[in-house]
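Just so we're on the same page, our numbering is the position in the sequence shown counted from 1, plus 64.
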Amino acid sequence: MHDERALGVLARLEAEDADERERGLPPMLRARQVAPTTGRFLFSLVAPLRECRVLEIGGSRGYSTIWLAAGCRIGGGRVVSLEHDAAKLDVRRANVADAGLEAACELVDGDAFETIPRLEPPFDVCFLDAEKDDYERLFELARTKLRRGSLVVADNVLSHEETLGAYSRARQEDPTLASVTVPLDRGLELTAVLG
Ligand SMILES: C[S@@+](CC[C@H](N)C(=O)[O-])C[C@H]1O[C@@H](n2cnc3c(N)ncnc32)[C@H](O)[C@@H]1O
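Put into structure tokens, the structure is as follows:
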């Protein structure tokens, strides 16, 4: 990624995230953003695709949204990012604008369980990064908006293996999916929709 404007915002968000962790803020008050290498992974996944439509569930303050939108923009694609925490909505909007990526993002405010049913399908890629206990239900809901060949990337499957191990196993045992755990950073479950 060579966009200096977006890289500047990402660097600031990385510094803010490190500061929040160092001060020991409780998780619900932190950005809880993906690791920088996961951000680069998401960028690399979508950058080669033409007119890629990404559904992001759990946008927080916009860190992963910016990586995804910067990648999508190359091929004329777009990210629809869902977030419900009122304390984060204005900040993420400002971060995406500072990065110059407003045109490549649709920021949807509200609970994903309510907003997903209203979204126009299909999406090519879904990035799932919300509360771990909700992954199963959010996957099933998001699946109604995917098509054959869509990809779902779920974060934290190794860092929260006690909760998300079952999520990975269910995806890997489903004959209508092809799924593998990628041991990058906190662990990504990469799931292709076959049927
Ligand atoms: C781990 S953080 C996401 C970090 C973000 N992907 C990033 O890398 O910058 C999880 C986010 O999901 C949001 N979230 C959790 N459940 C949600 C739901 N049902 N609908 C919308 N947002 C949700 C939380 O408010 C939180 O900001």
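Yeah, the Cβ is synthetic: ideal placement off N, Cα and C, and Gly gets one too.
For residue j and residue i, the rounded distance between their alpha carbons
i: Leu-106; j: Arg-94; result: 21 Å
i: Asp-284; j: Glu-120; result: Outside the modelled stretch of the chain, which goes from 65 to 259, sits residue 284, for which no answer is possible.
i: Gly-140; j: Arg-114; result: 6 Å
i: Asp-81; j: Asp-173; result: 22 Å
i: Arg-235; j: His-224; result: 16 Å
i: Pro-186; j: Arg-117; result: 8 Å
i: Leu-77; j: Gly-213; result: 32 Å
i: Arg-85; j: Ala-230; result: 28 Å
i: Ala-176; j: Pro-100; result: 25 Å
i: Val-257; j: Val-189; result: 10 Å
i: Gln-97; j: Asp-67; result: 20 Å
i: His-151; j: Thr-208; result: Residue identity check: residue 151 is Ala in the sequence provided, not His. Roughly 29 Å between the two C-alpha positions.
i: Leu-205; j: Arg-182; result: 11 Å
i: Ala-133; j: Asp-83; result: 25 Å
i: Ser-108; j: Met-65; result: 9 Å
i: Gly-126; j: Arg-69; result: 14 Å
i: Arg-233; j: Glu-200; result: 11 Å
i: Glu-195; j: Ala-79; result: 23 Å
i: Leu-71; j: Gly-259; result: 37 Å
i: Phe-191; j: Pro-91; result: 20 Å
i: Pro-112; j: Ile-138; result: 8 Å
i: Arg-87; j: Asp-149; result: 21 Å
i: Arg-104; j: Ser-128; result: 9 Å
i: Glu-184; j: Glu-237; result: 29 Å
i: Leu-89; j: Cys-169; result: 29 Å
Nearest-angstrom Cβ-Cβ length linking residue i and residue j, presumed shorter than 8 Å
i: Gly-122; j: Leu-171; result: Not quite, the Cβ-Cβ distance comes to about 13 Å (not below 8 Å), so this is no contact.
i: Leu-252; j: Thr-102; result: 7 Å
i: Gly-255; j: Val-216; result: Per the sequence shown, the amino acid found at residue 255 is Thr instead of Gly. The pair is a contact, with the Cβ atoms about 4 Å apart (cut-off 8 Å).
i: Cys-136; j: Val-160; result: No, Cys-136 and Val-160 are not in contact; Cβ-Cβ is about 12 Å, not under 8 Å.
i: Thr-227; j: Asp-197; result: 7 Å
i: Ile-130; j: Leu-210; result: Contact flag wrong, Cβ pair sits at about 23 Å.
Practice task
Specify whether the segment 247–257 and the segment 151–160 touch according to this definition: at least 3 beta carbon pairs, one from each stretch, less than 8 Å apart.
Solution key: no
Exercise for the section: Take every Cβ of the segment 143–153, pair it with every Cβ of the segment 163–170, and state whether three or more of those distances are shorter than 8 Å. Expected result: yes
Problem - Stretch-stretch touch, CB-based, cutoff 8 Å, three pairs: the segment 237–244 with the segment 219–226 - result: no
Exercise for the section: Quick one: which unbroken beta strand (DSSP E) runs of 3-plus residues sit fully inside the segment 200–226? Chain order, please. Expected result: 210–219
Exercise for the section: Write down every uninterrupted run of the alpha helix (DSSP H) in the segment 85–111 whose length is 4 residues or greater and which is fully enclosed by it, in chain order. Expected result: For the segment 85–111, whole alpha helix (DSSP H) runs of length 4 or above, ordered along the chain, are 100–110.
Exercise for the section: Give, in chain order, every unbroken run of the beta strand (DSSP E) that is at least 3 residues long and sits entirely within the segment 101–183. Expected result: Segments of the beta strand (DSSP E) lying fully in the segment 101–183: 117–121, 142–147, 169–173.
Practice task
Counting only runs of 4+ residues fully inside the segment 221–256, write out the alpha helix (DSSP H) ranges in chain order.
Solution key: 225–237
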